[in-house]
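From first to last, the protein sequence lines are chains U and R. Using the numbering used here, the first residue of the first sequence is number 1, and each one after it goes up by one. Using the numbering used here, the first residue of the second sequence is number 298, and each one after it goes up by one. We treat Cβ as the ideally placed atom computed from N, Cα and C, and that holds for glycine. Structure first, then comments.
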Amino acid sequence: MVSSKNKWVPYLFLLPGILLFLGVGLYSVGFSIVLSFYNWSGIDFSTARFEGLNNFRRFLLGDDPIVTQNFYHAVLHNVIIAVAQIAVVIPVALVLAFVLQNTKMASLYRTVYFLPMIVSGVAMFYVWKGLFEPSGAYNSLFHWLGMDFMTVPSGMLGSSSTSLIGIIITFIWGGLPGTLILYYAGLTSVDPSLYEAASVDGATKVKMILKITWPMLKPITLIAVIQMLNGAFQAFENVYIMTGGGPAGSSEVIGTLVYRTAFLDNNYGLASAIGWVSFLITGAIAIFSFRSFKTDI
Amino acid sequence: MVKSIKHIILVLYGLVCLYPFLWMIGTSLKTTQDALANPQSPLPEGGFQWSVFGDVWNKLNFYRFFVNSAVVSIIVIIGVVIIYTMMGYSFSKFRYRGKKAIYYTFIALLLVPGVTTLIPLYINMTNLGLENTYIGIILPMINGAAPFAIFLFTSYFRTIPHEMYESAVLDGCGSFKIYYKIYLPLALPAIGTIAIMNFIGSWNNVLWPMIIVNDQHMFTLPMGLMYLDSSSFKKWNELMAGALITIVPILIAFPFMQKTYIKGMTVGSVKM
Chain U
1 MVSSKNKWVP
11 YLFLLPGILL
21 FLGVGLYSVG
31 FSIVLSFYNW
41 SGIDFSTARF
51 EGLNNFRRFL
61 LGDDPIVTQN
71 FYHAVLHNVI
81 IAVAQIAVVI
91 PVALVLAFVL
101 QNTKMASLYR
111 TVYFLPMIVS
121 GVAMFYVWKG
131 LFEPSGAYNS
141 LFHWLGMDFM
151 TVPSGMLGSS
161 STSLIGIIIT
171 FIWGGLPGTL
181 ILYYAGLTSV
191 DPSLYEAASV
201 DGATKVKMIL
211 KITWPMLKPI
221 TLIAVIQMLN
231 GAFQAFENVY
241 IMTGGGPAGS
251 SEVIGTLVYR
261 TAFLDNNYGL
271 ASAIGWVSFL
281 ITGAIAIFSF
291 RSFKTDI
Chain R
298 MVKSIKHIIL
308 VLYGLVCLYP
318 FLWMIGTSLK
328 TTQDALANPQ
338 SPLPEGGFQW
348 SVFGDVWNKL
358 NFYRFFVNSA
368 VVSIIVIIGV
378 VIIYTMMGYS
388 FSKFRYRGKK
398 AIYYTFIALL
408 LVPGVTTLIP
418 LYINMTNLGL
428 ENTYIGIILP
438 MINGAAPFAI
448 FLFTSYFRTI
458 PHEMYESAVL
468 DGCGSFKIYY
478 KIYLPLALPA
488 IGTIAIMNFI
498 GSWNNVLWPM
508 IIVNDQHMFT
518 LPMGLMYLDS
528 SSFKKWNELM
538 AGALITIVPI
548 LIAFPFMQKT
558 YIKGMTVGSV
568 KM
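Okay, structure coming up:
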């Protein structure tokens with residue numbers, strides 16, 4: 001660590017980043033806080049009306065029953081997506097990571113397994129849309145297996161009782177590889193001599209897992225959970241492309257609600273207010289992940 | 298016995314990962330009628346229709362979308378690497394007032410969900426006259442990469458022995474020369490990680506381009522796909538051909554960047 005002779009030098013290195021942040025980041029954050037107290041349809045800010053907390057009352061306290069209902073449904077859907085994704089991904093990734101360990105051709109499997117994560121994007125959401133069509137692969141598979149009770153005649157995404165399940169399946173498909181990587185890396189980074197020493201000391205396999213493996217996997221699990229929570233609460237693209245939040249709002253999430261309120265209903269103030277409430281929700285989650293970004297600077 | 302169960306599990310999950318890709322490839326080689334009549338089968342009836350790719354490529358000017366995506370991704374990578382290695386260098390090597398406050402302000406950007414600032418960002422960029430421009434698409438993407446890139450570069454630069462800095466100073470090197478002659482070359486692994494993560498991120502990003510771009514000439518590949526989807530009669534074969542064009546660059550690059558990408562994913566949670 002040095003104190004530079006010319007005390008402006010360290011600041012000069014920060015300059016481009018700070019300028020960009022002031023012009024793009026800070027301005028947007030500040031303006032969106034201001035906006036959440038205004039009623040504005042978006043063309044000229046001189047037409048905006050200051051409304052105090054009205055926007056917040058509209059969707060939080062039922063001043064506007066429809067918006068309130070939409071908001072709470074959206075939050076609920078975000079929660080359901082997060083919980084379902086975590087509940088499936090954590091155990092499955094754990095099992096797969098254990099199985100993948102010490103397998104021949106592990107690197108080939110790994111390459112295949114990681115594909116969903118890197119290409120997950122608009123292209124893959126269209127693929128899923130196609131697979132979930134009424135006569136698409138999903139229905140055909142369960143029909144072929146003789147499990148007709150699993151099929152959805154109107155298509156997974158076309159029925160309000162199943163659209164959210166379809167969204168969750170894509171979340172699981174896209175989210176599994178990331179957690180699998182974390183667990184796999186965690187397992188392979190345990191020093192094998194620890195196990196040897198433990199077995200010399202007469203430790204049982206169960207004891208080794210509890211005393212050696214699990215302490216290693218615990219922080220990884222925490223990080224995986226936080227990542228999935230964050231991802232689920234920031235959901236937008238797959239919902240927007242596959243269902244648009246429908247049918248009848250059955251797959252609406254906060255992201256699509258904000259987008260719709262701002263860019264389709266031209267209600268920028270209300271959209272900003274909803275955005276900031278969602279920020280408080282995700283912020284609480286993110287504070288945990290924040291801790292993993294501590295560096296001794 | 299245990300061994301074969303193991304392999305059954307591994308192969309089954311492999312199929313789950315691969316099937317959507319097989320379906321995409323198969324459907325892109327069907328005729329429009331075949332895609333509608335037999336959507337479940339990944340194999341086309343009556344031979345492969347290679348012409349679908351050419352049709353899509355020409356019909357919507359996918360060449361232009363491809364170039365747009367490439368330009369955006371490459372400039373984002375360059376911007377992110379230059380701007381945030383400089384910041385990481387400053388944070389990790391110098392002692393000065395306000396350093397912690399600035400560092401944590403940037404890291405705190407992580408907390409703000411993208412959708413919250415979308416509206417003001419859009420207003421901001423249109424006021425600057427940047428709608429339908431590369432700069433308008435790129436600047437917010439670079440800014441969005443700040444927290445993680447700063448975190449990674451700062452912690453990486455801290456691992457470079459301080460003696461190297463001191464001996465360079467004794468040899469008469471200035472701070473800037475030390476930065477680009479010593480620190481940048483030594484940080485290549487971290488630069489690779491950040492470059493790949495941001496390539497994938499900006500290549501797949503659609504929310505921001507969708508908002509700042511309305512001129513078809515400035516569409517990126519994912520936007521081209523959404524446009525293909527917007528016609529009332531759904532041509533799955535064309536949609537899937539477009540999807541394949543969109544993901545091919547990542548598929549080609551992936552085997553080479555897999556290791557680096559995984560390193561970036563596991564940083565902070567696993568000591569490798």
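Under a three-way DSSP split, which group does U/Phe-37 fall into?
-> DSSP places U/Phe-37 in coil when its eight states are reduced to three.
Excluding the 5 residues preceding and the 5 following U/Ala-93 in the sequence, name in chain order all residues of the same chain whose CB lies nearer than 7 Å to its CB.
-> Within the same chain, U/Ala-93 has close Cβ partners Leu-176, Thr-179, Leu-180 and Tyr-183.
How many Å lie between U/Ser-46 and R/Leu-481 at the Cα?
-> In a straight line, the C-alpha of U/Ser-46 is about 48 Å away from that of R/Leu-481.
Taking C-beta pairs closer than 8 Å, name the residues in chain R that U/Lys-7 reaches, listed in chain order.
-> Under the 8 Å cutoff, chain R gives Tyr-393.
Please check if any C-beta of chain R sits within less than 7 Å of the C-beta of U/Glu-133.
-> U/Glu-133 belongs to the set of residues whose beta carbon lies under 7 Å from a beta carbon in chain R.
Tell me whether U/Gly-202 is buried or exposed, calling it buried when 16 or more other Cβ atoms sit within 10 Å of its Cβ.
-> Counting of Cβ neighbours within 10 angstroms places U/Gly-202 among the exposed residues, the total staying below 16.
Just tell me which of U/Gln-234, U/Ile-81 and U/Leu-115 has its CA closest to the CA of R/Leu-319.
-> Of the listed residues, the one whose Cα sits closest to R/Leu-319 is U/Leu-115.
Within 10 angstroms of its Cβ, does U/Phe-233 collect 16 or more other Cβ (buried), or is it exposed?
-> A buried status is given to U/Phe-233, since no fewer than 16 other beta-carbon atoms sit within 10 Å of its beta-carbon.
Candidates R/Ile-479, R/Met-383 and R/Lys-474, of which the one nearest R/His-459 by Cα = Nearest neighbour of R/His-459 by Cα position, chosen from R/Ile-479, R/Met-383 and R/Lys-474, turns out to be R/Ile-479.
Any idea what DSSP makes of R/Val-313, helix, strand or coil?
-> Note: R/Val-313 maps to helix in three-state DSSP.
Might you give, ordered along the chain, the residues of its own chain that have their beta carbon closer than 8 Å to the beta carbon of R/Asn-534, omitting 5 neighbours on each side?
-> Excluding residues within five positions, the ones whose Cβ falls inside 8 Å are Thr-324, Ser-325, Leu-326, Lys-327, Thr-328, Thr-329, Asp-331, Ala-332, Gln-346 and Val-349.
Would you mind telling me which residues of chain R sit closer than 7 Å to U/Ser-28, beta carbon to beta carbon, in chain order?
-> Simply Thr-414, Pro-417, Leu-418 and Asn-421.
Going by CA-CA distance only, name the one from U/Lys-218, U/Met-228, U/Tyr-109 and U/Met-216 that's closest to R/Leu-315.
-> It is U/Tyr-109.
Enclosing alpha helix (DSSP H) for R/Glu-463 [first to last residue] = Note, R/Glu-463: alpha helix (DSSP H), 459 to 467.
Kindly say whether U/Tyr-268, judged by its beta-carbon, lies nearer than 7 Å to any beta-carbon of chain R.
-> Chain R, which has a Cβ nearer than 7 Å to the Cβ of U/Tyr-268, makes this yes.
Does DSSP classify R/Arg-361 as helix, strand or coil?
-> DSSP places R/Arg-361 in helix when its eight states are reduced to three.
From this set, R/Gly-343, R/Phe-516 and R/Phe-445, which residue's C-alpha is nearest R/Ile-380's C-alpha?
-> Selection R/Gly-343, R/Phe-516 and R/Phe-445 evaluated against R/Ile-380 yields R/Phe-445 as nearest (Cα-Cα).
Identify every residue that forms a DSSP beta bridge with U/Arg-49.
-> Looking at the DSSP output, U/Arg-49 shares a beta bridge with U/Asn-39.
Should the region 28 to 37 of chain U be called in touch with the region 245 to 255 of chain U, which here means at least 3 C-beta pairs below 8 Å?
-> Look at the beta carbons and you see the region 28 to 37 of chain U not touching the region 245 to 255 of chain U: under three pairs across the two are nearer than 8 Å.
U/Leu-100: first and last residue of the uninterrupted alpha helix (DSSP H) it sits in | 65 to 100 is the extent of the alpha helix (DSSP H) around U/Leu-100.
Can you tell me the Cβ-Cβ gap for R/Asn-365 and R/Thr-563, rounded? I've got them flagged as a contact below 8 Å.
-> The beta carbons of R/Asn-365 and R/Thr-563 sit about 32 Å from each other, so the pair does not count as a contact at 8 Å.
Could you check how far apart the C-beta atoms of R/Thr-451 and R/Ser-389 are, in whole angstroms? I think they sit under 8 Å.
-> About 5 Å separates the Cβ atoms of R/Thr-451 and R/Ser-389, confirming a contact at the 8 Å cut-off.
So is R/Ala-240 in contact with chain U if we call contact Cβ pairs under 7 Å?
-> As displayed, chain R neither begins before 298 nor continues past 569, which places residue 240 of chain R out of reach and without an answer.
Opposite U/Val-2 in the DSSP bridges: which residues?
-> Paired residues: R/Phe-391.
Rounded straight-line distance, which links the Cα of R/Met-298 to that of U/Ser-159 = Spanning the two alpha carbons is a distance of roughly 42 Å.
Please look up how many angstroms separate the CB atoms of R/Pro-506 and R/Ile-434, rounded, as I've assumed it's under 8 Å.
-> Taking C-beta atoms under 8 Å as the contact rule, R/Pro-506 and R/Ile-434 qualify, at a distance of about 5 Å.
R/Met-520: which of R/Thr-414, R/Phe-359, R/Leu-415 and R/Arg-392 sits nearest, CA to CA?
-> Of the residues R/Thr-414, R/Phe-359, R/Leu-415 and R/Arg-392, the one whose Cα lies closest to the Cα of R/Met-520 is R/Phe-359.
Mind listing which residues of the region 339 to 354 of chain R have their C-beta closer than 7 Å to chain U's C-betas, in chain order?
-> So the list is empty, because no residue satisfies the distance condition.
Is the shortest distance between the beta-carbon of R/Gln-337 and the beta-carbons of chain U less than 7 Å?
-> R/Gln-337 counts as touching chain U.
Would you report the Cα separation of U/Ile-212 and R/Asn-421, rounded to the nearest angstrom?
-> Rounded to whole angstroms, the separation of the alpha carbons of R/Asn-421 and U/Ile-212 is 52 Å.
Rounded separation between R/Met-569 and R/Ala-405 - CA only = Note on R/Met-569: pLDDT 46, under 50, position unreliable in the model; the coordinate value appears next. Cα to Cα, the separation comes out at about 26 Å.
Alpha-carbon spacing of U/Ala-235 relative to U/Ile-226, whole angstroms = Their backbone Cα atoms lie some 14 Å apart in a straight line.
Is the Cβ-Cβ distance between R/Ile-544 and U/Ala-123 less than 7 Å?
-> A contact, by the Cβ cut-off of 7 Å.
Curious, which full-length alpha helix (DSSP H) runs of at least 4 residues does the region 179 to 261 of chain U contain?
-> Assignment of alpha helix (DSSP H) within the region 179 to 261 of chain U, counting only whole runs of 4 or more residues, yields 192 to 200, 205 to 208, 214 to 233, 237 to 242 and 254 to 259 in chain order.
Residue closest to U/Arg-260, alpha-carbon to alpha-carbon, out of U/Thr-282, U/Ile-281, U/Glu-237 and U/Leu-280 | Checking every option, the nearest Cα to that of U/Arg-260 belongs to U/Glu-237.
So the alpha helix (DSSP H) R/Ile-544 belongs to, where does it begin and stop?
-> Run containing R/Ile-544: 533 to 563, per the alpha helix (DSSP H) assignment.
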